[in-house]
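Using the UniProt record's numbering, the letters of the sequence shown correspond one by one to residues 1 to 217.
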Amino acid sequence: MILNMRDEDIMQQAKDLNWEKVRAFMASEGQVAGLTHAVFIKISANLMDKLGVAPGGEFRMGFQEGTKVGSTILLGDRSIRMTFKRALRALPIWQQLRLFYMLFTSVAFDLDISPEDIEKMKNSDMVEMLTGELAAELPALSHVFVNERDLVLANSLMAAANCLVEPYAPPVTIVGIVGIGHVNGVKEHWMKDEARDISKLLTLSPPHWSSRIFWTY
1 MILNMRDEDI MQQAKDLNWE KVRAFMASEG QVAGLTHAVF IKISANLMDK LGVAPGGEFR
61 MGFQEGTKVG STILLGDRSI RMTFKRALRA LPIWQQLRLF YMLFTSVAFD LDISPEDIEK
121 MKNSDMVEML TGELAAELPA LSHVFVNERD LVLANSLMAA ANCLVEPYAP PVTIVGIVGI
181 GHVNGVKEHW MKDEARDISK LLTLSPPHWS SRIFWTY
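As structure tokens, then:
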């Protein structure tokens, strides 16, 4: 599990992306979603190389410290595979092609990142940061990667809080660790009706009509 891995091992795995791993992504997630996922990993590896650190250190530290004191650890985010698939299905085919172009040119020509950008990245969520760069041109990506996950994370924290409430029981402490870009969204949805039922966010909607026509031919 990635929470048990060292930063060095995570960075090495991201750098060691090969065709066999890409094929495995495509087999398990579908050709389009799997290929997109693989390209995101390659871009992440380039960013990690420039940053000198692996993303998600706060989650690994939280896991380690929680384990030390015997806490129950719950993984509350939606699977990355479901998120990628929902993101692609939200895009019409012309925006999918635009996304592929932007991702592949980022990989082919590397990323031009200033020292100021590097400092910002050290305080942000990696996936959120990558999609944030694309959100201006493809706003549906930001909705799936950020807004939908705000609801999922709020729901998970609410469920954890509710399941531990018992009559006459002493107070309990629940610690939620989320990417910095999700904090305001979780606060906004906390104990609201929209965060109580997220079943639609955990299933795949039908592909955009343009995608169905394009991939048929």
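Backbone N, C-alpha and C define an ideal beta-carbon position, used for all residues, glycine too.
Am I right that residue i and residue j are in contact with their C-beta atoms under 8 Å? What's the rounded C-beta distance?
| i | j | result |
| --- | --- | --- |
| Arg98 | Glu137 | 7 Å |
| Phe100 | His37 | Actually they do not touch by this definition, with Cβ atoms about 12 Å apart. |
| Ala161 | Val186 | No, Ala161 and Val186 are not in contact; Cβ-Cβ is about 12 Å, not under 8 Å. |
| Arg149 | Arg78 | 6 Å |
Can you tell me the Cα-Cα spacing of residue i and residue j, whole angstroms?
| i | j | result |
| --- | --- | --- |
| Phe25 | Leu17 | 11 Å |
| Leu103 | Trp94 | 14 Å |
| Ser156 | Arg89 | 24 Å |
| residue 220 | Val69 | No information on residue 220 is available, as it lies outside the stretch 1 to 217 that the chain covers here. |
| Gly76 | Val175 | 12 Å |
| Gly181 | Val32 | 27 Å |
| Pro139 | Val178 | 22 Å |
| Arg6 | Glu20 | 23 Å |
| Glu58 | Asn147 | 21 Å |
| Met48 | Ser28 | 25 Å |
| Lys200 | Val183 | 22 Å |
| Gln12 | Lys42 | 11 Å |
| Gly30 | Gly56 | 26 Å |
| Ser44 | Tyr168 | 48 Å |
| Gly66 | Ala54 | 20 Å |
| Thr105 | Ser71 | 44 Å |
| Gly34 | Asp193 | 33 Å |
| Leu4 | Asn46 | Checking the sequence shown, residue 4 turns out to be Asn, not Leu. Approximately 22 Å, taken between the alpha carbons. |
Looking only at its own chain, which residues have a Cβ that is under 6 Å from the Cβ of residue i, when we skip the five neighbours before and after it?
| i | result |
| --- | --- |
| Ala108 | Confidence at Ala108 is low in this model, with a pLDDT of 48, below 50, so the placement of that residue should be treated as unreliable; the coordinate-derived value is given next. The answer is none, since no qualifying residue turns up. |
| Val22 | Ala38 |
| Ile198 | Leu151, Val152 and Asn155 |
Within the same chain, show all residues whose beta-carbon is closer than 8 Å to that of residue i, passing over the 5 residues directly before and after it, in chain order.
| i | result |
| --- | --- |
| Leu74 | Ser156 and Ala160 |
| Met158 | Trp190, Met191, Ala195 and Arg196 |
Taking 7 Å as the limit between beta carbons, can you name the residues of its chain near residue i, skipping five residues before and five after?
| i | result |
| --- | --- |
| Leu91 | Leu99, Leu138, Ala140 and His208 |
| Leu204 | Lys85, Arg86 and Arg89 |
| His189 | Asp150, Leu151, Ala154 and Ala195 |
| Leu202 | Arg78 and Met82 |
Could you tell me whether any Cβ in chain B is nearer than 9 Å to the Cβ of residue i?
| i | result |
| --- | --- |
| His182 | Of the chains in the structure shown, none is chain B; there is only one protein chain. |
My parser needs the alpha helix (DSSP H) runs of 4 or more residues fully inside the region 163–204; what are they?
The qualifying runs are 183–189.
Under 8 Å: do the region 58–69 and the region 143–152 share three or more Cβ pairs, one atom per stretch?
These segments do not touch.
What are the start and end residues of each continuous beta strand (DSSP E) run of 3 or more residues lying completely inside the region 14–72, in chain order?
List check, beta strand (DSSP E) in window: nothing returned.
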